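Here is the structure we will look at.
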Amino acid sequence: GAGVSQSPRYKVAKRGQDVALRCDPISGHVSLFWYQQALGQGPEFLTYFQNEAQLDKSGLPSDRFFAERPEGSVSTLKIQRTQQEDSAVYLCASSFQAGQGGTEAFFGQGTRLTVV
Amino acid sequence: LAKTTQPISMDSYEGQEVNITCSHNNIATNDYITWYQQFPSQGPRFIIQGYKTKVTNEVASLFIPADRKSSTLSLPRVSLSDTAVYYCLVGDIGAGGYNKLIFGAGTRLAVHP
Numbered sequence: 052g053a054g055v056s057q058s059p060r061y062k063v064a065k066r067g068q069d070v071a072l073r074c075d076p077i078s079g080h081v082s083l084f085w086y087q088q089a090l091g092q093g094p095e096f097l098t099y100f101q102n103e104a105q106l107d108k109s110g111l112p113s114d115r116f117f118a119e120r121p122e123g124s125v126s127t128l129k130i131q132r133t134q135q136e137d138s139a140v141y142l143c144a145s146s147f148q149a150g151q152g153g154t155e156a157f158f159g160q161g162t163r164l165t166v167v
Numbered sequence: 088l089a090k091t092t093q094p095i096s097m098d099s100y101e102g103q104e105v106n107i108t109c110s111h112n113n114i115a116t117n118d119y120i121t122w123y124q125q126f127p128s129q130g131p132r133f134i135i136q137g138y139k140t141k142v143t144n145e146v147a148s149l150f151i152p153a154d155r156k157s158s159t160l161s162l163p164r165v166s167l168s169d170t171a172v173y174y175c176l177v178g179d180i181g182a183g184g185y186n187k188l189i190f191g192a193g194t195r196l197a198v199h200p
């Protein structure tokens, strides 16, 4: 595809329900990031993958959040037992580079999660 | 300690030049300075990146003084469609040596007719 694709665009979940958010990065991109963005705030880092390896999960807010990228391409962010404070836009980004230096990352449009 | 500091909001009018300054006093030798733009209901979009002096592309210019403790994003002749949030990022190295993108609150630019 031409860009990073996220699905679904919108998700409404009842409190306590599990959700899975999908990210299709740009083909060949090594790096993949997940962010959480609350209304009126900047994106907050959640986790980072380099190919299939999850190198950094320091931003995941609790053990209810889990991310995977088993084949180094598509990634899934799973939230178990959703709470109202999980309501936010979840953004995925990918970039070709992996190492240090400047990084141009390409973002998807995000998935807006609303927990009711 | 915040990595970058930028104004919360700015207002401008169509056709004017807009300069948004970002302070990054603790920038490291290897850090790049990157600016992203975000429209409502969209993910951030890369605008420009630089290491020192001046960088220009078809969208904007980035001015970086010799001490690199600040940078200025310059948008020439803004239009209504430039109304967005602009984020200044300075390289942050995550576990494993990758370039970690850390966003602050950004600057909300409102362009008026």
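Residue numbers (the working numbering), protein chains in the order written: chain E, 52 to 167; chain V, 88 to 200. All C-beta atoms in this analysis are idealised placements derived from N, C-alpha and C, irrespective of residue type, glycine included. All figures in this text were calculated on a predicted structure; none of them were measured in a lab.
Which chain E residues sit within Cβ distance under 7 Å of residue i?
i	result
G193 of chain V	G93
Should residue i be flagged as near chain V, meaning a C-beta pair shorter than 8 Å?
i	result
G123 of chain E	no
S56 of chain E	no
L106 of chain E	yes
F96 of chain E	yes
E155 of chain E	yes
Going along chain C, which residues have a C-beta under 7 Å from residue i?
i	result
G159 of chain E	The structure shown contains no chain C; the protein chains it does contain are E and V.
Check whether the Cβ atoms of residue i and residue j lie closer than 8 Å to each other.
i	j	result
P127 of chain V	F158 of chain E	no
K139 of chain V	R155 of chain V	yes
S126 of chain E	F147 of chain E	no
T133 of chain E	R73 of chain E	no
C175 of chain V	S158 of chain V	yes
E101 of chain V	V198 of chain V	yes
A139 of chain E	Q88 of chain E	yes
I107 of chain V	Y173 of chain V	yes
S82 of chain E	Y185 of chain V	yes
V167 of chain E	V70 of chain E	no
Going along chain V in order, which residues have a C-beta closer than 7 Å to the C-beta of residue i?
i	result
L142 of chain E	G130
Please report the Cβ distance between residue i and residue j, rounded to the nearest whole angstrom; I am assuming they are in contact, meaning their Cβ atoms lie under 8 Å.
i	j	result
E155 of chain E	F133 of chain V	5 Å
R120 of chain E	E95 of chain E	In fact, because the Cβ distance is near 19 Å, the residues do not count as touching under 8 Å.
P76 of chain E	S124 of chain E	7 Å
I114 of chain V	V177 of chain V	5 Å
Kindly indicate if chain E contains any beta-carbon less than 8 Å away from that of residue i.
i	result
Q136 of chain V	yes
L160 of chain V	no
K139 of chain V	no
Y100 of chain V	no
L88 of chain V	At L88 of chain V, the pLDDT of 45 sits below 50, so the modelled position is not reliable; the number obtained from the coordinates is stated separately. Chain E contact via Cβ: absent.
I189 of chain V	yes
F133 of chain V	yes
Give the residues of chain E in contact with residue i, contact being defined as C-beta atoms less than 9 Å apart.
i	result
Y174 of chain V	G93 and P94
Say whether the region 89 to 100 of chain V touches the region 183 to 194 of chain V, bearing in mind that this needs 3 or more beta-carbon pairs closer than 8 Å, one atom from each stretch. yes
Quick check: the region 52 to 61 of chain E against the region 107 to 125 of chain E, are at least 3 beta-carbon pairs closer than 8 Å?
no
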